[in-house]
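These notes concern the structure reproduced below.
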Amino acid sequence: MTKGAIVAVSFGVGNIHVKERCLDALLADVREAFRDFEVREAWTSSFLRKKMAREGYVYPSLEELLGELSGAGYEDVVVMPTHLTPGEEFQKKIVPGAEVFADRFASLQVMEPVFTVNEAEDFAFLTDDVLGLSGLAEDEDMVFMGHGSPHQHNPAYELLQQYADSRGWRMHIGVVEPDDYPNKADVLKRLAECGSRKVYLRPLLLAGGNHALHDLAGDSPESWKSVLQGAGFAVRCSTKGLGEYAAFRRLYVQKLKKLLI
Numbered sequence: 058m059t060k061g062a063i064v065a066v067s068f069g070v071g072n073i074h075v076k077e078r079c080l081d082a083l084l085a086d087v088r089e090a091f092r093d094f095e096v097r098e099a100w101t102s103s104f105l106r107k108k109m110a111r112e113g114y115v116y117p118s119l120e121e122l123l124g125e126l127s128g129a130g131y132e133d134v135v136v137m138p139t140h141l142t143p144g145e146e147f148q149k150k151i152v153p154g155a156e157v158f159a160d161r162f163a164s165l166q167v168m169e170p171v172f173t174v175n176e177a178e179d180f181a182f183l184t185d186d187v188l189g190l191s192g193l194a195e196d197e198d199m200v201f202m203g204h205g206s207p208h209q210h211n212p213a214y215e216l217l218q219q220y221a222d223s224r225g226w227r228m229h230i231g232v233v234e235p236d237d238y239p240n241k242a243d244v245l246k247r248l249a250e251c252g253s254r255k256v257y258l259r260p261l262l263l264a265g266g267n268h269a270l271h272d273l274a275g276d277s278p279e280s281w282k283s284v285l286q287g288a289g290f291a292v293r294c295s296t297k298g299l300g301e302y303a304a305f306r307r308l309y310v311q312k313l314k315k316l317l318i
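Here the numbering used here = 1-based position in the sequence shown + 57.
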């Protein structure tokens, strides 16, 4: 029997408790679904790897882990990005990092991120339950803050917005990257146009790390919470990453099954 491994590669997260609730929960689901595979993790952020190493938690880079698996005789490897979209980290670190080791394994596959789409209808795998829209109060609108891409426009977020609009969901999406869009101003404009005065603000991120704690729910005047409150909205916040929800984690397992079975 050939030795197989699934490598869950993440940007990383600087809080071990957030990691346990999001990334570790996802790893546990993958191990349960694919018991014949060794499941390991790697991080793309050298800054976070160094930070966590100082606290006693050591996580390899993708290249380091693939080299280790090759030396240990693994033959079939699947790289599973936990990044939501095929943005800068995926294009500049994960794909090139895997390509270096393509000839070291009998099979080396890179799974597409869960939000890899070409048009709005490609989001048909999402349901209001997966996104937690059933938790909205009757007069609330959901505002999701995603990451965006700094190197070029990431269309996944506006395509998700188009899909949400086609379904009639009271959901508005913006990104934190200042050079990408839709942004905070776009979200405020949409909210004004629909007449909403109450919003439920959540991170469209797998892990509720610094972006969720500071950019989304922080007390600085620039945070999304402060800007929305300053514009007269009643704001309810959650900093829970999507990885804390079993329904969302199942998207990764389903995508892996399509690749492996």
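We treat Cβ as the ideally placed atom computed from N, Cα and C, and that holds for glycine.
Notebook entry, point to check: The beta strand (DSSP E) with V66 in it runs from where to where?
Noted result: Residue mapping note: residue 66 aligns to position 9 of the sequence shown, counting from 1. Run containing V66: G61 to S67, per the beta strand (DSSP E) assignment.
Margin query: On the criterion of 16 or more Cβ atoms from any shown chain inside 10 Å, does S191 qualify as buried, or is it exposed?
Written below: Taking the first residue of the sequence shown as 1, we reach residue 191 at position 134. S191 is classed as exposed because its beta carbon has fewer than 16 other beta carbons within 10 Å across all chains shown.
Check: How about G300 and A269: are their beta carbons less than 8 Å apart?
Finding: Within the sequence shown, residue 300 is the residue found at index 243, counting from 1. Within the sequence shown, residue 269 is the residue found at index 212, counting from 1. Taking the C-beta atoms as reference points, A269 is found no nearer than 8 Å to G300.
Checklist line | Helix, strand or coil at M109 according to DSSP, with G and I counted as helix | finding: Here residue 109 is taken as the residue at index 52 of the sequence shown, counted from 1. M109 falls in the helix class under three-state DSSP.
Notebook entry, point to check: Expressed to the nearest angstrom, what Euclidean distance is found between the alpha-carbon atoms of V47 and R247?
Noted result: Because the chain spans 58 through 318 in this model, residue 47 falls outside it and cannot be assessed.
Notebook entry, point to check: Taking one C-beta from the segment 156–176 and one from the segment 223–238 each time, how about it: are there three or more such pairs within less than 8 Å?
Noted result: Too few Cβ pairs lie closer than 8 Å, so no.
Next item on the list: For K255, I'd like the list of residues in its chain whose CB is within less than 6 Å of its CB, leaving aside the five on either flank, ordered along the chain.
Entry: What you label residue 255 is simply residue 198 of the sequence shown in a count that begins at 1. Contacts found: D196, E197 and A291.
Notebook entry, point to check: Since L316 and V135 are thought to touch, with beta carbons under 8 Å apart, how far apart are those beta carbons, to the nearest angstrom?
Noted result: Taking the first residue of the sequence shown as 1, we reach residue 316 at position 259. Taking the first residue of the sequence shown as 1, we reach residue 135 at position 78. Right, their Cβ atoms sit about 6 Å apart.
Next item on the list: Taking S102 as the reference, give the member of L273, H140 and A90 with the closest Cα.
Entry: Sequence index remark: in the sequence shown, residue 102 carries index 45 (1-based). The candidate whose alpha carbon is nearest that of S102 is H140.
Next item on the list: Could you check the C-alpha separation between I151 and L119 for me, to the nearest Å?
Entry: Residue mapping note: residue 151 aligns to position 94 of the sequence shown, counting from 1. Residue mapping note: residue 119 aligns to position 62 of the sequence shown, counting from 1. I151 and L119: Cα-Cα distance of roughly 7 Å.
Check: Taking Cβ positions, are K312 and V157 nearer each other than 8 Å?
Finding: Within the sequence shown, numbered from 1, the residue matching residue 312 stands at position 255. Within the sequence shown, numbered from 1, the residue matching residue 157 stands at position 100. No.
Margin query: Using 8 Å as the threshold, is the C-beta distance between L216 and A177 below it?
Written below: Here residue 216 is taken as the residue at index 159 of the sequence shown, counted from 1. Here residue 177 is taken as the residue at index 120 of the sequence shown, counted from 1. In this structure, A177 lies closer than 8 Å to L216 by Cβ.
Check: Going by C-alpha distance, which of A155, T142, W281 and D160 is nearest M199?
Finding: In the sequence shown, the residue the question calls residue 199 occupies position 142. Checked all of A155, T142, W281 and D160; the closest Cα to M199 is W281.
Check: So what does R254 bridge to, in DSSP terms?
Finding: Here residue 254 refers to the residue found at position 197 of the sequence shown. As computed with DSSP, R254 is found in no beta bridge at all.
Notebook entry, point to check: Who are R224's beta bridge partners in DSSP?
Noted result: By one-based count along the sequence shown, residue 224 stands at place 167. R224 has no beta-bridge partner at all, per DSSP.
Notebook entry, point to check: Going by other Cβ atoms of all chains shown within 10 Å of its Cβ, with 16 needed for buried, is P207 buried or exposed?
Noted result: Here residue 207 refers to the residue found at position 150 of the sequence shown. Burial call: exposed.
Notebook entry, point to check: Exposed or buried, A85, counting other C-beta atoms within 10 Å across all chains shown (16 or more means buried)?
Noted result: As a position in the sequence shown, residue 85 is number 28, starting the count at 1. It is exposed - the Cβ of A85 has fewer than 16 other Cβ atoms within 10 Å.
Next item on the list: Can you check DSSP and say which residues form a bridge with S164?
Entry: As a position in the sequence shown, residue 164 is number 107, starting the count at 1. In DSSP, S164 forms a bridge with D133.
Check: According to the Cβ coordinates, are V87 and A62 closer than 8 Å?
Finding: The count along the sequence shown starts at 1 and reaches residue 87 at position 30. The count along the sequence shown starts at 1 and reaches residue 62 at position 5. Here V87 is not near A62, since their CB atoms are 8 Å or more apart.
Next item on the list: Evaluate H204 with the Cβ neighbour count: other Cβ atoms within 10 Å of its Cβ, from every protein chain shown; 16 or more gives buried, anything less gives exposed.
Entry: On the sequence shown, residue 204 is found 147 positions in, with the first residue counted as 1. Of the other Cβ atoms in all chains shown, 16 or more fall within 10 Å of the Cβ of H204; this residue is therefore buried.
Notebook entry, point to check: Apart from the five residues on each side of it in sequence, which residues of its chain come closer than 7 Å, Cβ to Cβ, to E145?
Noted result: What you label residue 145 is simply residue 88 of the sequence shown in a count that begins at 1. Closer than 7 Å at the Cβ level, and outside the excluded window around E145, lie S206, P207 and H208.
Check: In whole angstroms, what separates the C-alpha of R259 from that of G128?
Finding: As a first step, residue 259 must be located in the sequence shown, where it is residue number 202. As a first step, residue 128 must be located in the sequence shown, where it is residue number 71. Near 42 Å, if we compare the C-alpha coordinates of G128 and R259.
Next item on the list: Just tell me which of C79, Y214 and A213 has its CA closest to the CA of Y309.
Entry: Position 252 of the sequence shown, counting from 1, holds the residue named residue 309. The option with the nearest alpha carbon to Y309 is C79.
Check: Cβ atoms of G266 and V75: under 8 Å apart, would you say?
Finding: Working through the sequence shown from its first residue, we reach residue 75 at position 18. Working through the sequence shown from its first residue, we reach residue 266 at position 209. Taking C-beta atoms as the reference points, V75 and G266 count as a pair closer than 8 Å.
Check: Start and end of the beta strand (DSSP E) containing V70?
Finding: Position 13 of the sequence shown, counting from 1, holds the residue named residue 70. From DSSP, V70 is part of no beta strand (DSSP E); its letter is neither H nor E.
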